[in-house]
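Going from the sequence shown to our numbering is simple: count from 1 and add 135.
For each residue, glycine too, the CB sits at the ideal point set by N, CA and C.
Values in this document were obtained by computation on a predicted structure and should not be read as measured data.
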Amino acid sequence: MCGIVGCILKENEKAAPVLFNCISMLEYRGYDSIGMATFNGEIEVKKARGGIESVDAKLNLKDMDGSFGIAHTRWASAGKPTDENAHPHLDDTGSVAVVHNGTLENYSELKAELIKEGHTFRSSTDTEVIPHLIKKFMDEGLNLEEALGKCTTRIRGSYAIAAISKAEPDKLMAVRKYSPLIIAYGEKGYFAASDTPAVLEYARNIIRLKDGETAILTRKGIRILDEKGEEIEWKSKYIDWTPEMAKKEGYKHFMIKEIVEQSCAVKNTLIQKASIEKIIGEIGDVKRICFVACGTSYHASITGKYLIESLVGIACDVVIASEFRYTAKTWDENTLVIFISQSGETYDSRMALKEANKTSKTLAIVNVAGSAMSEEAEYVIQTQAGPEIGVAATKTYVAQLTAIYLFAGLLAENDEVIDKLYKVPAYIDEITKKREDIRKLCESYDFKGHAFYLGRGFSYPTALEGALKLKEITYIHAEGYAAGELKHGPLALIDETVPVFVIIPPGEDYTKTMTNLKEVEARGAVVISVGAEGDDKIRENSEIFFEINPEVDDMIAPLVYIVPLQLISYYVTLAMGYNPDKPRNLSKVITV
Ligand code: AGP
């Protein structure tokens, strides 16, 4: 996700310092590059790769003339983080400037069409097609409002766009679909931004645009059009948050915000389907696959192994990155080594990647564009979870799984699996909407000592991930186990002081997992189950039962059943008085 800002000041004063302050408050949304455009007879643009401080030191962003303009902070999705790919983007003549947050699915065909018509492109981004389309339609006689409207009928995907044009100075256009966009006004003037933190210093009367709505901001005020281009009434809400609170959009912590954002992370990663299909074609035949990762990404890798082996029949290994040394000797030209890493900077994973590049095809599934592993791997799939601030991986994990399911489903040419993925965002939203019930339960139940997480088949890595979430932010010792393995020793630890989380979706493993559930219940364990809504058998044998939509079967359960476990960890941490965003001893990226 990126951050966009646009403003028109009531007085004829410099907009650049205001834009700079606004965009600085959105740097948490992305920090690959920064750029601004202001209008003062001509559109002036200053932009470069890097964070706002380093770019300002180089370009002196605040020193731009003009009392209105746009700004952008980038989290690279299409096109690497470079000076050319930084926003704002212009048309050939420099008379239309645009900033964009989102992902355009059909930009390649639009770009080819525009190049055929004589347009020249300077960047490899999807965004750059937007100013060219707007200028093309304005050259055909449309005004800025009409041209932007026509542009939105041609682009497909997610977008929040702010646009200015030399032909219609003092008019700022803003439109959204799937990506957030707010309009704000105050003493200083009129604003459009991805998120409220950007504007709170200058404006606290906020209008949240709905999908398909367009805002036209001038010094005379605000007009809002619906999807059909009809002007509609609007009303604003006064926001009294502090900017810090607003960065979390009112959530108490980044972790809970990111858990709730998971449905968007899945939706935006699903947009990568076409590029994943292309990579599969380029990789060609492989005899063996080896996943290499750490922590949460290692758990996503195990799910990948189970999926590919069950859907495609290719043998898969999974190796903890710090233990890759001996397995590396078995990698050859017929092996595809897949590296999963949200940061793309994990030291152990990077060392393994350097080794794998000597002998095998390498694919990195990363969340951070321009990260070391995204530069070093032969093939790259970029998940679209946006920046993850909380140390505990949540939305990046579910985005990794989405990419893996797309990869496995496309490799297997299994449309049934692929189709199921498009329902996952709704399943996740159903759970996060009920999070208050989970909070109340976690406050009432005194978690202490050890905890076990049990799962079979596709739910085994979910058990591992659920246990990691609990231990890394509550400091309670927790172990994830293959449900069938407990009786081979660890069952001796079970008594009435031990909570045992049982992940038991409907499917092939249900009956056996139910047997394991009864084994631990018989020994007095506090059984906390996650299973299909309305399953009385689970209810009868559990102290606590989190119910999930029964449409979620064991194969796609990993994408959904992890959500209540993440929420439990979050609320138990709060009940224990800890800060879930900054657990002791841990950091977000392990580069040593
Ligand atoms: C997970 O919540 C932790 N933050 C940690 O285990 C993390 O998954 C691991 O360090 C791997 O990080 P990466 O995905 O950036 O490589």
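For residue 286, does the three-state DSSP call read helix, strand or coil? The DSSP-derived three-state label of residue 286 is helix.
Simplified DSSP assignment, three categories, for residue 611: DSSP places residue 611 in the coil class of the three-state scheme, outside both helix and strand.
To which residues of the same chain is residue 674 closer than 7 Å at the C-beta, ignoring the five residues directly before and after it? Closer than 7 Å at Cβ, skipping near neighbours: 680.
Any chance the CB of residue 481 is under 6 Å from a heavy atom of the ligand AGP? The answer is yes for residue 481.
Beta-carbon proximity check, residue 563 vs residue 397, cutoff 7 Å: Contact: yes.
Write down every uninterrupted run of the beta strand (DSSP E) in the segment 219-278 whose length is 3 residues or greater and which is fully enclosed by it, in chain order. The qualifying runs are 231-236.
Contact the segment 217-227 vs the segment 171-191: 3+ CB pairs below 8 Å: Output reads yes: the segment 171-191 touches the segment 217-227.
Buried or exposed for residue 556, please, with buried defined as at least 16 other CB atoms from any protein chain shown within 10 angstroms of its CB. Per the 10 Å Cβ criterion, buried.
Close Cβ partners of residue 550 (< 8 Å) along its chain, the five nearest in sequence each way excluded: Once the five neighbours on either side are set aside, the close Cβ partners of residue 550 are 544.
Exposed or buried, residue 147, counting other C-beta atoms within 10 Å across all chains shown (16 or more means buried)? It is exposed - the Cβ of residue 147 has fewer than 16 other Cβ atoms within 10 Å.
Taking 7 Å as the threshold (C-beta atoms), are residue 187 and residue 159 in contact? In contact: residue 159 and residue 187 (Cβ atoms closer than 7 Å).
Report, in whole angstroms, the separation of the C-beta atoms of residue 290 and residue 360, which I expect to be a contact under 8 Å. Contact between residue 290 and residue 360 is ruled out by a C-beta separation of about 17 Å, above the 8 Å threshold.
Return the bridge partner residues of residue 207 from the DSSP annotation. BP columns for residue 207 point to 139, 170.
How many angstroms separate the CA atom of residue 300 from the CA atom of residue 230? Going by the C-alpha atoms only, they are around 6 Å apart.
Considering only heavy atoms of the ligand AGP, does any lie closer than 6 Å to the CB of residue 142? Relative to the ligand AGP, even the nearest heavy atom lies 6 Å or more away from the CB of residue 142.
Going by DSSP in three states, residue 340 sits in which element: helix, strand or coil? Note: residue 340 maps to strand in three-state DSSP.
Measuring only the C-alpha atoms, how far is residue 497 from residue 404? CA-CA distance, residue 497 to residue 404, rounds to 20 Å.
Neighbourhood of residue 718 by C-beta, 6 Å cutoff - its chain only, sequence neighbours within 5 removed: 526, 607, 608.
Please tell me whether residue 366 and residue 347 are closer than 7 Å, where the distance is taken between their beta carbons. Taking 7 Å as the Cβ cut-off, residue 366 and residue 347 do not qualify as a contacting pair.
Proximity of residue 573 and residue 713 at Cβ, strictly below 7 Å: Judged by beta-carbon spacing, residue 713 lies beyond the 7 Å limit of residue 573, meaning their Cβ atoms are not closer than that value.
When you compare each of 386, 534, 376, 349 to residue 369 by their alpha carbons, which one comes out closest? Per the Cα distances, 349.
For residue 661 and residue 506, the rounded distance between their alpha carbons: Cα to Cα, the separation comes out at about 43 Å.
Assign residue 470 to one of three DSSP states: helix, strand, or coil. Note: residue 470 maps to strand in three-state DSSP.
Give me whichever residues DSSP pairs with residue 372 in a beta bridge. The partner list for residue 372 (beta bridge, DSSP) reads 341.
Using 8 Å for Cβ pairs, my map puts residue 474 next to residue 503. What's the rounded Cβ distance? Residue 503 and residue 474 do not touch by the CB rule: their CB atoms are close to 13 Å apart, not below 8 Å.
When every heavy atom of the ligand AGP is checked, does at least one fall within less than 6 Å of the C-beta of residue 615? Checking every heavy atom of the ligand AGP against the Cβ of residue 615, none is found closer than 6 Å.
Hey, how far is the Cα of residue 277 from the Cα of residue 318? Cα to Cα, the separation comes out at about 24 Å.
Using 8 Å for Cβ pairs, my map puts residue 400 next to residue 561. What's the rounded Cβ distance? With a Cβ gap of about 14 Å, residue 400 and residue 561 do not count as contacting.
Own chain partners of residue 596 with C-beta closer than 7 Å, once the 5 adjacent residues on each side are dropped: Correct list, in chain order: 434, 437, 438, 693.
Cα-Cα separation between residue 203 and residue 500, rounded to whole angstroms: Distance between the alpha carbons of residue 203 and residue 500: 40 Å.
What do you reckon, is the C-beta of residue 173 under 6 Å from a heavy atom of the ligand AGP? False, no ligand heavy atom lies under 6 Å from that Cβ.
So residue 652 and residue 663 are supposed to be a Cβ contact under 8 Å. How far apart are they, rounded? With 8 Å as the limit, residue 652 and residue 663 do not qualify as a contact, their Cβ atoms being about 10 Å apart.
Spatial distance of residue 247 from residue 293 (CA atoms): Between residue 247 and residue 293, the C-alpha separation is close to 20 Å.
Would you say residue 519 touches the ligand AGP, meaning its beta carbon is less than 6 Å from a heavy atom? Answer for residue 519: no, Cβ out of range of the ligand AGP.
Among the residues of its own chain, which have a CB less than 7 Å from the CB of residue 622, if the five just before and after it don't count? The residues 654, in chain order, have a CB closer than 7 Å to that of residue 622 in the same chain once the five nearest residues on each side in sequence are set aside.
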